[in-house]
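Heads up, the thing below is written out as structure tokens.
There are 2 protein chains.
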Amino acid sequence: MNRAEEDYLKQLYELSTNTQSERVKTADLSTALGHTAQSVNEMLKRLSDKNLVNYTPYHGVRLTKKGHQNAVRMIRAHRLWEVFLSDKLDLSWEALHEEAEKLEHATSEVVLDKLYTYLGKPKTCIHGNPIPTADGQVVQGATLTLAQAEPGDVFIVRRVQDHAPLLTYLQARDIALGARLSVVGHESLGDTLVVKHQNQTHRLGQSITARMFGDIET
Amino acid sequence: MNRAEEDYLKQLYELSTNTQSERVKTADLSTALGHTAQSVNEMLKRLSDKNLVNYTPYHGVRLTKKGHQNAVRMIRAHRLWEVFLSDKLDLSWEALHEEAEKLEHATSEVVLDKLYTYLGKPKTCIHGNPIPTADGQVVQGATLTLAQAEPGDVFIVRRVQDHAPLLTYLQARDIALGARLSVVGHESLGDTLVVKHQNQTHRLGQSITARMFGDIET
DNA sequence: CCTCTTTTTATGGTATACCTTAATTTTTAG
DNA sequence: CTAAAAATTAAGGTATACCATAAAAAGAGG
Chain A
1 MNRAEEDYLK
11 QLYELSTNTQ
21 SERVKTADLS
31 TALGHTAQSV
41 NEMLKRLSDK
51 NLVNYTPYHG
61 VRLTKKGHQN
71 AVRMIRAHRL
81 WEVFLSDKLD
91 LSWEALHEEA
101 EKLEHATSEV
111 VLDKLYTYLG
121 KPKTCIHGNP
131 IPTADGQVVQ
141 GATLTLAQAE
151 PGDVFIVRRV
161 QDHAPLLTYL
171 QARDIALGAR
181 LSVVGHESLG
191 DTLVVKHQNQ
201 THRLGQSITA
211 RMFGDIET
Chain B
1 MNRAEEDYLK
11 QLYELSTNTQ
21 SERVKTADLS
31 TALGHTAQSV
41 NEMLKRLSDK
51 NLVNYTPYHG
61 VRLTKKGHQN
71 AVRMIRAHRL
81 WEVFLSDKLD
91 LSWEALHEEA
101 EKLEHATSEV
111 VLDKLYTYLG
121 KPKTCIHGNP
131 IPTADGQVVQ
141 GATLTLAQAE
151 PGDVFIVRRV
161 QDHAPLLTYL
171 QARDIALGAR
181 LSVVGHESLG
191 DTLVVKHQNQ
201 THRLGQSITA
211 RMFGDIET
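As given, the protein sequences belong to chains A and B, one line each in that order. Residues in the first sequence are numbered from 1 upward in steps of one, following my numbering. Residues in the second sequence are numbered from 1 upward in steps of one, following my numbering.
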């Protein structure tokens with residue numbers, strides 16, 4: 001396994017988790033990774049040969065058991081490094097992702113286990129996302145998105161997707177985990193959600209609201 | 001800069017430090033990296049184009065200032081990770097090298113600085129080798145090798161080269177930093193050095209004695 | 001069922017970093 | 001000065017992982 005393959009598996013895992021469907025469309029993979037459809041197809045064939053994915057042309061890809069295991073290991077490494085970088089090295093919220101992205105590919109099983117213990121067996125990363133256990137179990141975090149909140153609701157941020165632009169955006173506006181957002185209403189035919197937070201009004205598009213998960217208080 | 005280039009620069013730095021000469025023979029690089037002379041030549045031309053080395057065919061290679069800076073940064077990362085892996089994660093002496101080898105290529109400047117502070121600004125790695133400062137200064141450690149010791153001397157181990165087989169060998173025989181080795185004599189026309197340590201007699205070849213540095217008490 | 005869109009395949013190309021085998025050049029040692 | 005040894009270059013090859021362009025196949029909707 002190398003960097004490229006690991007990235008594909010991780011991305012596949014994330015896409016199938018986000019869309020809550022096992023099968024992932026190659027076009028979506030292509031967009032997510034920023035590669036052409038042609039390149040993605042080539043790589044999927046290689047991953048298929050290695051039994052990491054199950055690829056049925058015209059019907060999407062699915063991680064095999066082996067592929068899933070590897071994907072989860074990468075996610076685990078990523079989130080554990082994020083905890084380390086934040087808790088121990090005090091890196092900024094938005095820098096975490098990029099650094100963890102590099103370290104995750106350079107971490108052996110042994111180091112991962114020791115790191116896990118050293119960090120006090122954390123259950124979630126800094127962005128609130130669950131850290132898979134060593135045997136690959138993933139505890140599902142909050143699934144309710146901010147996009148689903150209605151005017152009058154108070155939305156409490158529990159986890160956000162580890163997506164660089166989103167993190168930058170939220171950090172700049174002081175919206176962290178635990179933040180309480182009062183949903184004021186919708187704008188632009190429902191595309192934008194208007195929320196209040198600490199006397200500030202924010203207009204949030206779907207690429208933001210669909211990536212934030214939490215609880216609703218009515 | 002990528003993994004391959006970084007490895008070349010690091011190896012060049014180590015070879016020129018070990019031989020105490022600026023210029024490195026491509027044949028030595030070739031042996032150290034385990035690549036053919038042809039491959040090494042190709043790569044040296046690329047590194048030369050990028051101004052990382054100064055390559056005069058038939059007269060060896062030399063790191064440029066830029067190449068030196070990068071090499072030292074890799075050494076710094078390597079040794080800091082070793083300290084982390086040993087002090088914080090409690091990895092075994094011999095496992096350190098391999099793991100640090102991977103992490104060093106995945107570490108940004110920022111993380112390196114924070115890690116340095118977090119570890120308490122260590123001066124040497126676990127094998128006793130100096131950790132270059134952020135601005136590239138390297139404090140020279142012990143330079144006297146065990147190979148230079150004479151019968152009757154007591155050799156105190158201060159640092160050993162970060163060379164996997166050597167570390168495995170020493171760990172198996174409980175020879176750690178600070179170990180006091182009594183030099184008994186030579187064998188095989190001087191190829192082998194006979195030393196005593198904790199009631200054990202060891203016969204050490206040059207690939208071992210030339211890689212161990214320390215002080216001599218007469 | 002047929003068109004349109006999407007997806008896939010086919011071909012050929014790029015860069016990196018290795019390799020082998022075989023010349024050729026340069027250095028070095030006698 | 002010259003032959004042997006060492007270093008370099010030449011030529012062609014491999015695998016990985018991208019790319020573009022274009023053709024072909026399959027699916028989806030009316």
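Note that beta-carbon positions come from the ideal geometry of N, C-alpha and C, so glycine has one too.
Quick one: which chain A residues come within Cβ less than 8 Å of residue i?
i	result
residue 89 of chain B	111, 114, 115, 118
residue 80 of chain B	None at all; the shortest Cβ gap to chain A is about 12 Å.
Considering Cα atoms alone, identify which of the options is closest to residue i.
i	options	result
residue 140 of chain B	B:18, B:65, B:12, B:4	B:18
residue 198 of chain A	A:191, A:190, A:182, A:61	A:182
residue 37 of chain B	B:27, B:46, B:45	B:27
residue 4 of chain B	B:66, B:58, B:86, B:101	B:101
residue 160 of chain A	A:50, A:94, A:153, A:29	A:94
residue 34 of chain A	A:7, A:20, A:55	A:7
residue 174 of chain A	A:47, A:118, A:201	A:201
residue 208 of chain A	A:184, A:83, A:170, A:180	A:170
residue 14 of chain B	B:134, B:46, B:135, B:63	B:63
residue 151 of chain A	A:136, A:157, A:132, A:187	A:187
residue 25 of chain B	B:47, B:10, B:61	B:61
residue 158 of chain A	A:88, A:165, A:176	A:176
residue 156 of chain A	A:168, A:180, A:134, A:136	A:180
residue 147 of chain B	B:193, B:132, B:133, B:134	B:193
residue 53 of chain A	A:88, A:167, A:22, A:83	A:22
Find the residues of chain A that neighbour residue i, judging by a C-beta separation of less than 9 Å, and give them in chain order.
i	result
residue 121 of chain B	Ordered by position in chain A, no residue passes the 9 Å Cβ test against residue 121 of chain B, which lies about 14 Å from the chain.
Buried or exposed for residue i, please, with buried defined as at least 16 other CB atoms from any protein chain shown within 10 angstroms of its CB.
i	result
residue 16 of chain A	buried
residue 74 of chain A	buried
residue 1 of chain B	exposed
residue 79 of chain B	buried
residue 99 of chain B	buried
residue 105 of chain A	buried
residue 76 of chain A	buried
residue 185 of chain B	exposed
residue 127 of chain B	buried
residue 172 of chain A	exposed
residue 31 of chain B	exposed
residue 107 of chain A	buried
residue 116 of chain B	buried
residue 189 of chain B	exposed
residue 51 of chain B	exposed
residue 121 of chain B	exposed
residue 45 of chain A	exposed
residue 68 of chain A	buried
residue 59 of chain B	exposed
residue 66 of chain A	exposed
residue 132 of chain A	buried
residue 149 of chain A	buried
For a contact meaning CB atoms closer than 7 Å, what does residue i contact in chain B?
i	result
residue 108 of chain A	99
In chain A, what lies closer than 7 Å to residue i by C-beta?
i	result
residue 102 of chain B	106
Anything in chain B within Cβ reach of residue i, meaning under 8 Å, just list it in chain order.
i	result
residue 95 of chain A	110
Which whole-angstrom value is the C-beta distance of residue i and residue j, which I expect to be below 8 Å?
i	j	result
residue 124 of chain B	residue 213 of chain B	Not really, about 12 Å apart at Cβ, beyond 8 Å.
residue 90 of chain A	residue 142 of chain A	With a Cβ gap of about 26 Å, residue 90 of chain A and residue 142 of chain A do not count as contacting.
residue 12 of chain B	residue 111 of chain A	27 Å between Cβ atoms; not a contact.
residue 191 of chain B	residue 178 of chain B	So it is not a contact: roughly 27 Å between Cβ atoms.
residue 163 of chain B	residue 211 of chain B	6 Å
residue 153 of chain B	residue 218 of chain B	6 Å
residue 103 of chain B	residue 103 of chain A	7 Å
Going along chain B, which residues have a C-beta under 9 Å from residue i?
i	result
residue 85 of chain A	111, 114
Every unbroken beta strand (DSSP E) inside the segment 146 to 182 of chain A [3 residues or more]: The qualifying runs are 154 to 160.
Length at least 4, wholly inside the segment 67 to 126 of chain A: the alpha helix (DSSP H) runs in chain order: Restricting attention to alpha helix (DSSP H) runs no shorter than 4 residues, the segment 67 to 126 of chain A encloses them at 93 to 103, 109 to 118, ordered along the chain.
Segments of 3+ residues assigned as beta strand (DSSP E) that fall wholly inside the segment 15 to 57 of chain A: 53 to 55, all fully within the segment 15 to 57 of chain A.
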